[in-house]
Amino acid sequence: MDEAGKKKVDAILLLARESFGGRRRRSLIALLIICLALVGIGSLGLIYFWPKGSLPKLVLAAFDQVALPEEEVILAAQLEPIEELPSDQDLSGCALFFQELSSGGLLGKVATSPEGRAALKARFPASTEIVVRFPGEGERRRGVESNKARVFVWPAQSSLVVVDAVSALADIAATKFETTSNLDIPSRAGAAAVLRTLAAKRRVAYLAPGTARALSYNKLSAWLERAAVPRDKLPDGPLLVSAGVEPAANRFAFATAANLKNRFRDTVIGITGSPDHARQFREAGLKTYFLGESKELADGVVAARSWKELARQLEQ
6 MDEAGKKKVD AILLLARESF GGRRRRSLIA LLIICLALVG IGSLGLIYFW
56 PKGSLPKLVL AAFDQVALPE EEVILAAQLE PIEELPSDQD LSGCALFFQE
106 LSSGGLLGKV ATSPEGRAAL KARFPASTEI VVRFPGEGER RRGVESNKAR
156 VFVWPAQSSL VVVDAVSALA DIAATKFETT SNLDIPSRAG AAAVLRTLAA
206 KRRVAYLAPG TARALSYNKL SAWLERAAVP RDKLPDGPLL VSAGVEPAAN
256 RFAFATAANL KNRFRDTVIG ITGSPDHARQ FREAGLKTYF LGESKELADG
306 VVAARSWKEL ARQLEQ
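Heads up: the sequence shown begins at 6 in our numbering, then just goes up one per residue.
This is the structure in structure tokens:
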């Protein structure tokens, strides 16, 4: 082969080699991109499907409610951990089942908020009892059942007595109530007897302090029902609490009192041992009685040093 022909063949081989090498480099780059994409998708899958850490033991509370006949009311429940949750976990998406206790009928299924709250609207022709159940999620979240909650259906012409449950009934500083065993919390002398007398003509509702936690609500509810002998038994009635997020939790006494005052046409009386709640009761239009001594009472609040003295004032 002459020199010209050899150069021509070498040029063709060089072009072929360059062409093949380019395609190979492009193929390697494409393969690398595909591998990276597959790794990314796999990582997302692992994040989504990888078992999350187990949660600590949970407690569930269902809250009492007051309604007019066939009035739509909001049933509320609170799920919360006994121990603090890890920072990367919350209680969102837990399926709570609201059931009517007598019939076992399902009222509805509601998923919890990140804070563990759930609410359901319902109507009832008469007073009823409900229970809320969380079936759990395998080993991650064990199931739990709420206390028995009650919906009290009262006629609009009812006369009511709203009792501040801790400050008016417990013979202990309100700040110590949660940290003291129920067995060691005495009730104020004469409270049960006076309220049973009032309950002969009026409906009694109990007010829980502030925004509810499940543990706090269940503890207070159990304390109200703890009477060992009939003479110490309080009259039946709902334990009302703020189950939602309010602009200011310390205005719950006013909000609850005003709501009851607007819905029930007869007299609504408020009894409390808290000067602040006494003021809020008065602002809501309640005839208000304060148990104890204070120089901070709002105008129109009647003070009584004991339940016995309060009984005399109520008879006037």
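C-beta atoms are modelled at their ideal positions from N, C-alpha and C, and glycine is treated no differently.
Please read all numbers here as calculations on a predicted model, not as lab measurements.
Closest to residue i by C-alpha separation, out of the options, would be which residue?
i, options, result
"R122", "L101, R236, R270", "L101"
"A116", "G98, R128, G110, A131", "G98"
"G215", "N255, A81, A82", "N255"
"G275", "E183, F182, I190, S172", "S172"
"F257", "G109, A217, E85", "A217"
"R138", "A81, N187, V158, V166", "A81"
"D189", "D169, N223, I177", "I177"
Cβ of residue i less than 8 Å from any chain B Cβ?
i, result
"A66", "Note that chain B does not occur in the displayed structure, where there is just one protein chain."
Just the Cα atoms here: how many angstroms apart are residue i and residue j?
i, j, result
"L125", "S192", "34 Å"
"R201", "V78", "27 Å"
"F68", "S163", "21 Å"
"A204", "D241", "9 Å"
"R1", "K238", "Since the first residue of the chain shown is 6 and the last is 321, residue 1 is not available in this structure."
"L96", "L220", "16 Å"
"L315", "A198", "12 Å"
"E320", "S311", "15 Å"
"S118", "V64", "15 Å"
"L90", "P61", "7 Å"
"Q94", "E120", "10 Å"
"G109", "L265", "29 Å"
"E183", "E85", "16 Å"
"K313", "G195", "6 Å"
I'd like the list of long-range same chain contacts for residue i, defined as Cβ closer than 7 Å, with 5 residues on each side in sequence excluded.
i, result
"V306", "A283, R287, T293, F295"
"V156", "Q70, A72, V78, F129, S132, T133, I135"
What does DSSP give as the partner residue(s) for residue i in the beta ladder?
i, result
"V168", "Y211, I276"
"L101", "V115"
"Q318", "Answer by DSSP bridge pairing: none, since Q318 is not bridged."
"S107", "S107 is not bridged to any residue."
"F157", "V71"
Looking only at its chain, what residues have a beta carbon closer than 6 Å to the beta carbon of residue i, apart from the 5 residues adjacent to it on each side?
i, result
"R270", "A161, Q162"
Are there any heavy atoms of the ligand FAD lying less than 7 Å away from the beta-carbon of residue i, as far as the coordinates show?
i, result
"S97", "As far as ligands go, the structure on display features none, and thus does not contain the ligand FAD."
Which residue spans inside the segment 230-299 form an unbroken alpha helix (DSSP H) run of at least 4? 257-268, 280-288
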